[in-house]
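Chemist: Sharing a structure here in structure tokens format.
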Amino acid sequence: RKEVEQDPGPFNVPEGATVAFNCTYSNSASQSFFWYRQDCRKEPKLLMSVYSSGNEDGRFTAQLNRASQYISLLIRDSKLSDSATYLCVAFLASGGSYIPTFGRGTSLIVHP
Amino acid sequence: EAGVAQSPRYKIIEKRQSVAFWCNPISGHATLYWYQQILGQGPKLLIQFQNNGVVDDSQLPKDRFSAERLKGVDSTLKIQPAKLEDSAVYLCASSSRGDSSYGYTFGSGTRLTVV
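Protein sequence lines correspond, in order, to chains A and B.
Under our numbering, the very last position in the first sequence is 161; numbers go up by exactly one each time.
Under our numbering, the very last position in the second sequence is 320; numbers go up by exactly one each time.
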């Protein structure tokens, strides 16, 4: 089992739709979770941190569910410009330290 | 604030040749990471430095890859000799905290093609 798993998609949605991605992680001792956005042939850019209490930034909401070991990203009122790959990151406990581990990314395509 | 600087942007080499990448992190950032991103996959951590010490290099193929951060600022990643499967984007990232509670910033990457 991969340590951080994401559905690669693509998720193909119309403008204005609400879309949600999940990301599961294998190690219950993990801490520090993030969502990154990566545009084609560009570097990943930090989108938002993820907390158990939830984190909202405009149309984006991130949530951590420690009991089920997954994080989620909800995008409301999708825009064409939201088309990108969304990468989740979990700092997985390993030998006394925490290793930042990425999922393979979920591709989102927003169409008119 | 200046971002993470990487060079070169692109590199094409033949297999069995050597190559080196350079990274200058954001000023004051103690933690520096090198990632390898193969097309269609998420970035894979190769090595993490805290100042000039190695925190983790468990996924670094040490028979051919090496990295250093001698003065705790900029860093170089070397591949010697390169294989076809090393074709990827090599990303450098830095953060001010080791656990990156505030996330970290990536450079633009070096796209390596091994032919």
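Quick reminder that beta carbons are idealized off the backbone N, C-alpha and C, glycines included.
Here the structure is a predicted model, which is why all the values come from computation and not from measurement.
Quick one: is residue 313(B) near chain A, going by C-beta distance under 8 Å?
Modeler: Output row for residue 313(B): interface = yes.
Chemist: Could you work out which residues of chain A lie near residue 248(B), taking near to mean beta carbons separated by less than 8 Å?
Modeler: Within chain A, the residues near residue 248(B) are 93, 136 and 151.
Chemist: Go ahead and pull the three-state DSSP assignment for residue 130(A).
Modeler: Residue 130(A) falls in the helix class under three-state DSSP.
Chemist: Residue 294(B) bridges to which residues according to DSSP?
Modeler: DSSP output for residue 294(B) lists 242(B) and 316(B) as bridge partner(s).
Chemist: Taking Cβ positions only, does residue 146(A) come closer than 8 Å to chain B?
Modeler: Yes, because at least one Cβ of chain B sits closer than 8 Å to the Cβ of residue 146(A).
Chemist: If distances are taken between C-alpha atoms only, which option among 221(B), 209(B), 208(B) and 207(B) comes closest to residue 283(B)?
Modeler: For the residues 221(B), 209(B), 208(B) and 207(B), the minimum Cα distance to residue 283(B) belongs to 221(B).
Chemist: Helix, strand or coil: how does DSSP classify residue 275(B) here?
Modeler: If DSSP states are grouped into helix, strand and coil, residue 275(B) belongs with coil.
Chemist: Have a look at 265(B), 248(B), 240(B) and 278(B) and flag the residue whose alpha-carbon is nearest the alpha-carbon of residue 256(B).
Modeler: Of the candidates 265(B), 248(B), 240(B) and 278(B), the one whose C-alpha sits nearest the C-alpha of residue 256(B) is 278(B).
Chemist: Can you confirm whether residue 98(A), when its beta carbon is compared against all beta carbons of chain B, has any partner nearer than 8 Å?
Modeler: So yes, residue 98(A) belongs to the interface.
Chemist: Identify the contact partners of residue 296(B) in chain A, using a Cβ-Cβ distance below 7 Å as the criterion.
Modeler: Within chain A, the residues near residue 296(B) are 92.
Chemist: Between the Cα of residue 84(A) and the Cα atoms of 125(A), 92(A), 62(A) and 135(A), which residue gives the shortest distance?
Modeler: The shortest C-alpha separation from residue 84(A) is found at 135(A).
Chemist: For residue 158(A) and residue 297(B), I'd like the C-alpha separation in whole angstroms.
Modeler: Going by the C-alpha atoms only, they are around 27 Å apart.
Chemist: Can you find the residues in the same chain that come closer than 7 Å, C-beta to C-beta, to residue 152(A), ignoring five residues on each side of it along the sequence?
Modeler: Closer than 7 Å at the Cβ level, and outside the excluded window around residue 152(A), lie 53, 54, 55, 72, 136 and 137.
Chemist: Could you name the residues of chain C that residue 260(B) contacts, counting a contact when the two beta carbons are closer than 7 Å?
Modeler: No chain C is part of this structure, whose protein chains are labelled A and B.
Chemist: Kindly provide the ranges of any alpha helix (DSSP H) runs that are 4 or more residues long and lie completely inside the segment 58-82 of chain A, ordered along the chain.
Modeler: Entirely contained in the segment 58-82 of chain A, not one alpha helix (DSSP H) run reaches 4 residues.
Chemist: Please check the pair residue 315(B) and residue 249(B), which I expect to be a contact at CB under 8 Å, by giving their CB distance rounded to whole angstroms.
Modeler: Contact doesn't hold; Cβ gap of about 15 Å is too wide.
Chemist: Check the Cβ-Cβ distances between residue 167(A) and every residue of chain B, and say whether any is below 8 Å.
Modeler: Examination of residue 167(A) is not possible in this model, given that chain A is present from 50 through 161 alone.
Chemist: Measure the CB-CB distance between residue 319(B) and residue 291(B) and report whether it falls below 8 Å.
Modeler: The answer is yes: Cβ separation under 8 Å.
Chemist: Going along chain B in order, which residues have a C-beta closer than 9 Å to the C-beta of residue 60(A)?
Modeler: Within 9 Å Cβ-Cβ: nothing; residue 60(A) doesn't reach chain B, min ~16 Å.
Chemist: Can you have a look at residue 219(B) and say buried or exposed, based on whether 16 or more other CB atoms are within 10 angstroms of its CB?
Modeler: Classification for residue 219(B): exposed.
Chemist: Would you mind telling me which residues of chain B sit closer than 9 Å to residue 65(A), beta carbon to beta carbon, in chain order?
Modeler: Under the 9 Å cutoff, chain B gives no residues; its nearest Cβ is about 28 Å from residue 65(A).
Chemist: Secondary structure at residue 123(A), three-state DSSP: helix, strand or coil?
Modeler: Three-state result, residue 123(A): strand.
Chemist: What first and last residue would you give for the beta strand (DSSP E) that runs through residue 156(A)?
Modeler: Residues 155-160.
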